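Here the protein sequences line up with chains A and B, keeping their order. Quick note on the working numbering: the first sequence kicks off at 354 and runs consecutively. Quick note on the working numbering: the second sequence kicks off at 354 and runs consecutively. Quick notes on the structure that follows.
Number of protein chains: 2
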Amino acid sequence: MVSSGLMSSVPTVPHGSAAGPDAPVCAASERAPASNDDPLLLRAYRGEPVERVPVWFMRQAGRSLPEYRAVREHAGLFEICRTPELAAEVTLQPVRRLGVDAAILFSDITLPLAAAGIDLEIVPGVGPVIAEPIRSTADLRRLRPFHPDEDAPYVAETVRLAVAELDVPLIGFAGGPFTLASYLIEGGPSKTHARTRKMMYGEPLLWRRLLEELADIAIASLRSQVTAGAEAVQIFDSWAGALDPDSYRDFVLPASRRIFSATADLNVPRIHFGVCTGELLPLLAAAGADVVGVDWRVPLDAARTRLGEEITVQGNLDPALCLAPWEILAEHVRAVLDRGGGTGHVFNLGHGVLPETSPDVLRRIVEHVREHTDAGPRTEDAERSVPRV
Amino acid sequence: MVSSGLMSSVPTVPHGSAAGPDAPVCAASERAPASNDDPLLLRAYRGEPVERVPVWFMRQAGRSLPEYRAVREHAGLFEICRTPELAAEVTLQPVRRLGVDAAILFSDITLPLAAAGIDLEIVPGVGPVIAEPIRSTADLRRLRPFHPDEDAPYVAETVRLAVAELDVPLIGFAGGPFTLASYLIEGGPSKTHARTRKMMYGEPLLWRRLLEELADIAIASLRSQVTAGAEAVQIFDSWAGALDPDSYRDFVLPASRRIFSATADLNVPRIHFGVCTGELLPLLAAAGADVVGVDWRVPLDAARTRLGEEITVQGNLDPALCLAPWEILAEHVRAVLDRGGGTGHVFNLGHGVLPETSPDVLRRIVEHVREHTDAGPRTEDAERSVPRV
């Protein structure tokens, strides 16, 4: 089912092209062993000067693509994730169609929970629903340690199948500790995360144990994906922005640090992302991230000021702009690129692709990002870009 | 049904008490005609030095109170709003029980829409649901101009009844233009506001007309409430934080400005509030607000830095903390007060009271705010408080 049509439609990544004399020098380039033969995406994540800004989209695999919907007619979401041929196919679809600079594994952040003993299903139109939420120390016993090779071998197999077909890096991922805890405690999606935070403040020992176990699940999952061929990983702590900075620091940061610390030796760029995290950005970085994903609410230049020079930023076009007329959308794409400053920036949306998005629009965005950044940062935008020297 | 039991249970607001020699002098005190005989809340909103920080809670009237639930057993939400005796009773309940420094009108931001021709109902567990959403210029015709005296005379009557019983100011309110537009366009609550923003970007003329009409509805509503006796008003643009700053500035700020400009002559403090608005704070102020409500994500000292000295802040305890053990909660209450700096701060939650909150906890918070600020800002906290001189 994995089509090799991929090879002809993905533009070749220019290898080893030297940065022009005007290209800013990145202070973070010593962060990891650099090689000009590495794919554009990885060099950009490392903060190296790049010939153009790479681009991919969160949730590029799935919902908005007709070829994905065709697969979904015959298989449920988890069924796709658990069938390597299908999951690899769906992982490759957006790379073929959109020409993005990265693939992202088609999976779900809650999948390892299901594989680790939790009775969990994805209900269309709702999200993950957990039959028996975790609300006590006794409940916690239902969450077993996660052994990817035995509990979910299909994930690594998906990575291997996809990587064999890809000309761009594959990004693996895991759910962040707050977000997974909130699904487990609430029993499903929640507007207020009230029960979650009640446990967090009221039963700090139980909370800490739960978050440590969730961190360990993420660690096992990420290590397995990288071993199988993922060249970067993203921690989606999507709902961590429900917390004020003090609470994040006291109750979540230790578990986030555990994840980043236990994956440092993998030597792949690690991205940390959540929505509504304007005030948490420095803490998302302090967890040990190389790259911080920024939602659309925070202009990238302001994000950079909060994050410091060492951190690469990823983002942050408002996903709703993909529904806007092209001229408006293109203007915002350029504003994101200009605020991103060219170096140490990977273009993305500020959250996942909305289901009602046209794939043609996504492809056009990819082209526009290329056209706008191909010659390196423009002189007229120099004042708006953050000095990276 | 309005009980005069109120008078004995609400602490007398100390009138004309002189600020001690250590009380910070507020730069914003010339903003409105000051009088030391005015209630504590109004003096605090004006940024004057006060003898202690006043406190009230968004959504203090309703959901969490058993006496409110008793009323709800016999009447729906809109039925209460449309029956002045019931609405006034429910407005007074939290003042009696909690001893807060303000009452807030019991009503709903969507009520004027229903009164102005929109087929709208509040579905328990869902929120406002609109039978025929507004998605075209033709649809817009269904939204008539709003004449409070004819379309919703029960609101002003509720204000009059409540004010007659109150020893503290009553705060009136209206929905902000983005939030009301999003309900009208989506047809109900929405996670992504995708349709709303599609119209905003794609049909700017229709969008502008809609927002102007919504601003006019808010203006009429607020003027009527103040004429009836409301002594402060709050604009709840709760979901405006879904927008990035550029989009808010281009597509919402003009309508927000219209509201603040057309209510300036009322000479009452006007509060502007939304959640997830960390990056929008300067724009919420620029709309013309005297006070900006801050959600719990932004520490108040950081909010002050973004807002400048002229703006009073309101907030910003995380509502979920009301579910935490008292010692944790009390510590956060003190942190909010310390960061608020004593002057130019009105204590509140960062969003509405959660339904599962115990009224006893709210009362205890009120007492703790009083105890902690009664002697004016404490010397040991001087470093953490923002200089207001």
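Note that CB positions come from ideal geometry on N, CA and C, so glycine has one too. Given the structure is predicted, the values throughout are model-derived calculations rather than measurements.
### Query
By the criterion of Cβ-Cβ separation under 8 Å, what are the contact partners of A:W760 in chain B?
Outside the displayed span of chain A (354 to 742) sits residue 760 of chain A, for which this structure offers no information.
#### Entry: For A:R610 and A:V579, the rounded distance between their alpha carbons
18 Å
### Query
Just reading off the alpha helix (DSSP H) that B:F613 is part of, what are its end residues?
L606 to S614
### Query
From this set, B:A414, B:L702 and B:R450, which residue's C-alpha is nearest B:C434's C-alpha?
B:A414
### Query
When you check each C-beta in the segment 695 to 721 of chain A against every C-beta of chain B, which residues fall closer than 7 Å?
L707 and E709
### Task
Spell out the partners DSSP gives A:G429 in its beta bridges.
Partner(s): none; A:G429 has no beta bridge.
### Task
Measure the Cβ-Cβ separation of B:A595 and B:H625 and say whether it is below 8 Å.
no
### Task
Could you tell me which residues DSSP pairs with B:A527 in its beta bridges?
B:I588
#### Entry: 8 Å CB neighbourhood of B:A428 in its chain, flanking five on each side removed
T436 and L439
#### Entry: Contact between the segment 465 to 484 of chain B and the segment 545 to 559 of chain B (3+ Cβ pairs under 8 Å)
no
### Query
So, using beta-carbon positions, are A:D454 and A:L394 closer together than 8 Å?
yes
### Message
Quick check: is the beta carbon of A:L339 nearer than 8 Å to any beta carbon in chain B?
### Response
No answer is possible for residue 339 of chain A: it lies beyond the span of chain A, which begins at 354 and ends at 742.
### Query
For A:G697 versus B:G631, is the C-beta distance shorter than 8 Å?
no
#### Entry: Candidates B:G529, B:V476 and B:T658, of which the one nearest B:Y601 by Cα
B:G529
### Cα-Cα separation, A:S577 to A:I588
14 Å
### Query
Does the beta carbon of A:R650 come closer than 8 Å to any beta carbon on chain B?
yes
### Query
Looking at the structure shown, is A:V406 part of a helix, part of a strand, or coil, going by DSSP?
coil
### Message
DSSP three-state label for A:P419, please.
### Response
helix
### Query
Which residues, taken in chain order from the segment 657 to 681 of chain B, show a beta carbon closer than 7 Å to some beta carbon of chain A?
D671, A673, L674, L676, A677, P678 and I681
#### Entry: Range of the contiguous beta strand (DSSP E) that encloses B:P447
Unbroken run through B:P447 is the alpha helix (DSSP H), P437 to L451; no beta strand (DSSP E).
### Task
Name, please, each residue of chain A whose Cβ falls closer than 7 Å to the Cβ of B:T490.
Simply none; closest approach about 17 Å.
### Candidates B:G541, B:V651 and B:P622, of which the one nearest B:P392 by Cα
B:P622
### Query
Can you tell me whether DSSP reads B:V521 as helix, strand or coil?
coil
#### Entry: From B:V719, B:F613 and B:E680, residue whose alpha carbon lies closest to that of B:D569
B:F613
### Query
Of all the CB atoms in chain A, is at least one closer than 8 Å to the CB of B:E632?
yes
### Message
Determine, for A:R692, whether the minimum Cβ-Cβ distance to residues of chain B falls below 8 Å.
### Response
no
### Task
Take every Cβ of the segment 498 to 513 of chain B, pair it with every Cβ of the segment 550 to 565 of chain B, and state whether three or more of those distances are shorter than 8 Å.
no
### Task
Would you please state the rounded distance, in angstroms, between the beta carbons of B:G703 and B:G661? I believe it to be under 8 Å.
With 8 Å as the limit, B:G703 and B:G661 do not qualify as a contact, their Cβ atoms being about 20 Å apart.
### Task
Find the nearest neighbour of B:L634 within the set B:L707, B:P598 and B:E584, judged by alpha-carbon distance.
B:P598
### Task
Check distances from the C-beta atoms of the segment 547 to 559 of chain B to those of chain A and list, in chain order, the residues that come in under 7 Å.
A547, R550, K551, Y554 and G555
### Task
Enumerate, from N- to C-terminal direction, the unbroken alpha helix (DSSP H) stretches of 4 or more residues contained entirely within the segment 476 to 551 of chain B.
490 to 493, 501 to 504, 506 to 518 and 530 to 539
### Partner residues on chain A for B:T545, Cβ-Cβ distance less than 8 Å
P672, A673 and L707
### Task
Would you identify the three-state DSSP class for A:Q413, choosing helix, strand or coil?
coil
### Task
For B:G594, decide whether its Cβ has a neighbour in chain A, counting only Cβ atoms nearer than 8 Å.
yes
### Task
Kindly indicate the opening and closing residues of the alpha helix (DSSP H) around A:V651.
Looking at the DSSP string, A:V651 is not in any alpha helix (DSSP H), and its letter there is neither H nor E.
### Message
Checking 8 Å against the spacing of the C-beta atoms, do A:V651 and A:V686 come in under that value?
### Response
no
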